[in-house]
Amino acid sequence: MVGVAEKTVLILEDAEEIARLYEKYCKKIGVNCEIVNDIPSAVLRMKSSNRQYSVIIVDLVLGDQNGIEFIQKAKEFGSEASIIVQTSQNSPGEIINVMKLGVVDYLIKPVSFAAFEKTIRNAIDLNTDKIAQIQFEKSSREVLRNKLEWLTYKESVRKSDEDSHLISTIRSLSTSLSQGSGIGAIVSLLDLLKLSQDESGKGKIVSNEVLEMLYSNQEIIRKQLDGLSSILTIAEEDNSEERTSTVALMQAFSEKVKSIETQLHKKKLKIRFSRFTVDEHVQINRKWIEMSFQELLLNAIKYSKPGTCIDIFFSLADGYFCFAVKNAVENDQALTDSKKGEVLVTRPFYRILPPVEEYTELEQYGLGLGLTAVDLVVNKHRGIFHIHNVTDHTTGEVEDCVMAKVFLPLDTTNATESRNAGLGFGTLSMACS
Numbered sequence: 001m002v003g004v005a006e007k008t009v010l011i012l013e014d015a016e017e018i019a020r021l022y023e024k025y026c027k028k029i030g031v032n033c034e035i036v037n038d039i040p041s042a043v044l045r046m047k048s049s050n051r052q053y054s055v056i057i058v059d060l061v062l063g064d065q066n067g068i069e070f071i072q073k074a075k076e077f078g079s080e081a082s083i084i085v086q087t088s089q090n091s092p093g094e095i096i097n098v099m100k101l102g103v104v105d106y107l108i109k110p111v112s113f114a115a116f117e118k119t120i121r122n123a124i125d126l127n128t129d130k131i132a133q134i135q136f137e138k139s140s141r142e143v144l145r146n147k148l149e150w151l152t153y154k155e156s157v158r159k160s161d162e163d164s165h166l167i168s169t170i171r172s173l174s175t176s177l178s179q180g181s182g183i184g185a186i187v188s189l190l191d192l193l194k195l196s197q198d199e200s201g202k203g204k205i206v207s208n209e210v211l212e213m214l215y216s217n218q219e220i221i222r223k224q225l226d227g228l229s230s231i232l233t234i235a236e237e238d239n240s241e242e243r244t245s246t247v248a249l250m251q252a253f254s255e256k257v258k259s260i261e262t263q264l265h266k267k268k269l270k271i272r273f274s275r276f277t278v279d280e281h282v283q284i285n286r287k288w289i290e291m292s293f294q295e296l297l298l299n300a301i302k303y304s305k306p307g308t309c310i311d312i313f314f315s316l317a318d319g320y321f322c323f324a325v326k327n328a329v330e331n332d333q334a335l336t337d338s339k340k341g342e343v344l345v346t347r348p349f350y351r352i353l354p355p356v357e358e359y360t361e362l363e364q365y366g367l368g369l370g371l372t373a374v375d376l377v378v379n380k381h382r383g384i385f386h387i388h389n390v391t392d393h394t395t396g397e398v399e400d401c402v403m404a405k406v407f408l409p410l411d412t413t414n415a416t417e418s419r420n421a422g423l424g425f426g427t428l429s430m431a432c433s
């Protein structure tokens, strides 16, 4: 449940006693409210107010006026507010007709405080999630436009950058090998072994504890080498694609989340999936795309601020199916080269932060190669991978976040006419509270 203190409810009610009752209810909940008693006043308020209303409560019968007229005007204004209607009619037919207007809920008069509070809080949640989804889709279109501009520029300077890129890769490899578990740790352990060994009649006696650490790091190195082999396989193999439903892919992502739930509990993290009901199709190598999602999810878990929520978004943007993972971080991270605008974290062996040791066993690609693998897979699918810093204003607290987005071209053969995307956040996994 998001904070309600910064949210505003517009109440369109011509009966003063009912309007004052709702005003009292709003104060009790802790949400701001404004009251108007006719449609012209409500329209004027929406046109002149600098604030965006989160919820609008509309009485269907306003003397000789009709609340439906105002609902239609609100839609014409492009209002993203969650609309709630109140009516004295409780017949199923009337309720169905009301819901067809695009409202999120209804209240049957007389309205108790419990019913009012539950409906208002749900409507505020839906509005917050809808705004987040709209901002995500707008951002996705900007990413596509900027990416095309960047690709044009990058091709013009490609030759001059080859030498500096090689030097940068070598430097990144050196850093990755010396940090955390693996080769760097084994070198240090061998130094320790030399200092702590004792002579015996048949050779040297060494610490059992040091040997155990050596064996442990040996396994980590073996896994890192396997990761290098896997990424070379992706680079060299032909992409074996199959036509896949976006709904089926989202369900597979949900299963990936369930498989690492214990890791979420360690940092008191929660997952929130955006609701997306369009059943389109993409031509993909499912194994590689599911692996890419898992890498993005693991990356988000490793570097998320404890006690926060990881958002997973889905949308359609200019012929692409887009999925994204957003996580709150302690501070903005230097994800790109400020001079060239190039994403740094997809470079082989590049690390912004030291490795997180407690997640080493879950990493399929060590040495800072996880996002490199994702970028490689997405390129194999003629798609776009983009990771950038964002500021989240959708909740009561403004947070620094990192957003990783994958764009996959839609397969338009035998395209369906199902293109009505639901907005808000669904319950494929745990919901944020």
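320 is the number that the UniProt record's numbering gives to position 320 of the sequence shown; each next residue is one higher, with no gaps. The beta carbon of each residue, even a glycine, is placed where N, CA and C say it ideally should be.
Own chain partners of F253 with C-beta closer than 6 Å, once the 5 adjacent residues on each side are dropped:
For this step, residue 253 is matched to residue 253 along the sequence shown. These residues qualify, in order along the chain: F293.
How about A328 and S140: do their beta carbons lie closer than 7 Å?
For the purposes of this step, residue 328 is taken as residue 328 along the sequence shown, with counting starting at 1. For the purposes of this step, residue 140 is taken as residue 140 along the sequence shown, with counting starting at 1. No, the Cβ-Cβ distance between A328 and S140 is not below 7 Å.
For the candidate residues V406, G227 and Y25, whose alpha-carbon lies nearest to that of E137?
Reading the sequence shown from its first residue, position 137 is the one you call residue 137. For the set V406, G227 and Y25, the Cα lying nearest the Cα of E137 is the one of V406.
Among the candidates K380, D129 and E397, whose CA atom is the shortest distance from the CA of F314?
For the purposes of this step, residue 314 is taken as residue 314 along the sequence shown, with counting starting at 1. Ranking the options by Cα distance to F314, first place goes to D129.
Taking just the CA atoms, how far does A235 sit from T412?
Reading the sequence shown from its first residue, position 412 is the one you call residue 412. Reading the sequence shown from its first residue, position 235 is the one you call residue 235. Distance between the alpha carbons of T412 and A235: 27 Å.
Ignore the nearest five residues each way along the sequence and tell me which others in G63's own chain have a CB closer than 7 Å to its CB.
Position 63 of the sequence shown, counted from the first residue, corresponds to residue 63. Correct list, in chain order: D14.
When you compare the CB positions of L408 and G383, do they come within less than 7 Å of one another, or not?
Numbered from 1 along the sequence shown, position 408 holds the residue referred to as residue 408. Numbered from 1 along the sequence shown, position 383 holds the residue referred to as residue 383. Judged by their CB atoms, L408 and G383 are nearer to each other than the 7 Å cut-off.
For R121 and E255, the rounded distance between their alpha carbons:
Translated into positions along the sequence shown, residue 255 becomes position 255. Translated into positions along the sequence shown, residue 121 becomes position 121. When the Cα atoms are used, E255 and R121 turn out to be separated by approximately 29 Å.
In the DSSP output, which residue or residues are listed as bridge partners for K270?
For the purposes of this step, residue 270 is taken as the residue at position 270 of the sequence shown. Under the DSSP definition of a beta bridge, K270 partners with C309.
Pick from V61, A114 and A74: whose alpha carbon is nearest that of R45?
What you label residue 45 is simply residue 45 of the sequence shown in a count that begins at 1. The option with the nearest alpha carbon to R45 is A74.
Coil, strand or helix - T246 by DSSP:
For the purposes of this step, residue 246 is identified with residue 246 of the sequence shown, where counting begins at 1. T246 sits in a helix when the DSSP states are folded into three classes.
Is it right to say E295 is buried, meaning 16 or more other beta carbons lie within 10 angstroms of its own, or is it exposed?
In the sequence shown, counting from the first residue as 1, residue 295 sits at position 295. So E295 counts as buried.
Counting C-beta neighbours from all protein chains within 10 Å, is the total for E280 16 or more, i.e. buried, or is it exposed?
Residue numbering aside, residue 280 sits at position 280 when the sequence shown is read from its first letter. By the Cβ-count criterion, E280 is buried, with 16 or more other Cβ atoms from all chains shown falling within 10 Å of its own Cβ.
Just tell me which of D105, N66, I11 and N37 has its CA closest to the CA of Y25.
As a position in the sequence shown, residue 25 is number 25, starting the count at 1. Cα-wise, what sits closest to Y25 is I11.
Since E301 and F273 are thought to touch, with beta carbons under 8 Å apart, how far apart are those beta carbons, to the nearest angstrom?
As a first step, residue 301 is located in the sequence shown; it is residue number 301 there, counting from the start. As a first step, residue 273 is located in the sequence shown; it is residue number 273 there, counting from the start. This sequence places Ile at residue 301; Glu is not what is there. A Cβ-Cβ distance of about 15 Å is found for the pair I301 and F273, leaving them out of contact under the 8 Å criterion.
Residue range of the beta strand (DSSP E) that Y106 falls in?
Numbered from 1 along the sequence shown, position 106 holds the residue referred to as residue 106. It spans D105 to I108 - the beta strand (DSSP E) in which Y106 sits, taken as one unbroken run.
When DSSP labels each residue in this structure, what does E330 get in the three-state scheme?
If you number the sequence shown from 1, residue 330 lands on position 330. Three-state result, E330: coil.
So, with DSSP's three-state summary, where would you put N37?
As a working note, residue 37 is residue 37 in the sequence shown. In this structure, N37 counts as coil in the three-state DSSP scheme.
On the CB-based measure, 16 or more other CB atoms within 10 Å of its CB, does Q251 come out buried or exposed?
As a working mapping, residue 251 is identified with position 251 in the sequence shown. Exposed: under 16 other Cβ atoms inside 10 Å.
Does the beta-carbon of F276 have 16 or more other beta-carbons within 10 angstroms, so that it is buried, or is it exposed?
As a first step, residue 276 must be located in the sequence shown, where it is residue number 276. Flag for F276 reads buried.
Determine whether the beta carbon atoms of F70 and I39 lie at a separation below 7 Å.
What you label residue 70 is simply residue 70 of the sequence shown in a count that begins at 1. What you label residue 39 is simply residue 39 of the sequence shown in a count that begins at 1. Yes; because the gap between Cβ atoms is below 7 Å, this pair is in contact.
Check L369 in the structure and name its three-state DSSP category.
The residue given as residue 369 occupies position 369 in the sequence shown. Coil.
Taking 6 Å as the cut-off, is the C-beta of H381 nearer than that to any heavy atom in the ligand GDP?
For the structure depicted, the ligand GDP is absent and the ligand set is empty, with no information on it obtainable.
Rounding to the nearest angstrom, what Cα-Cα distance links V103 and I83 in this structure?
Here residue 103 corresponds to residue number 103 of the sequence shown, with the count starting at 1. Here residue 83 corresponds to residue number 83 of the sequence shown, with the count starting at 1. The straight-line gap from Cα to Cα measures roughly 5 Å.
L298 versus E363 - alpha carbon distance:
Numbered from 1 along the sequence shown, position 298 holds the residue referred to as residue 298. Numbered from 1 along the sequence shown, position 363 holds the residue referred to as residue 363. Taking the straight line joining both Cα atoms gives about 8 Å.
Is DSSP giving H393 helix, strand or coil here?
Here residue 393 refers to the residue found at position 393 when the sequence shown is read from its first residue. In the displayed model, H393 falls within coil according to three-state DSSP, outside both helix and strand.
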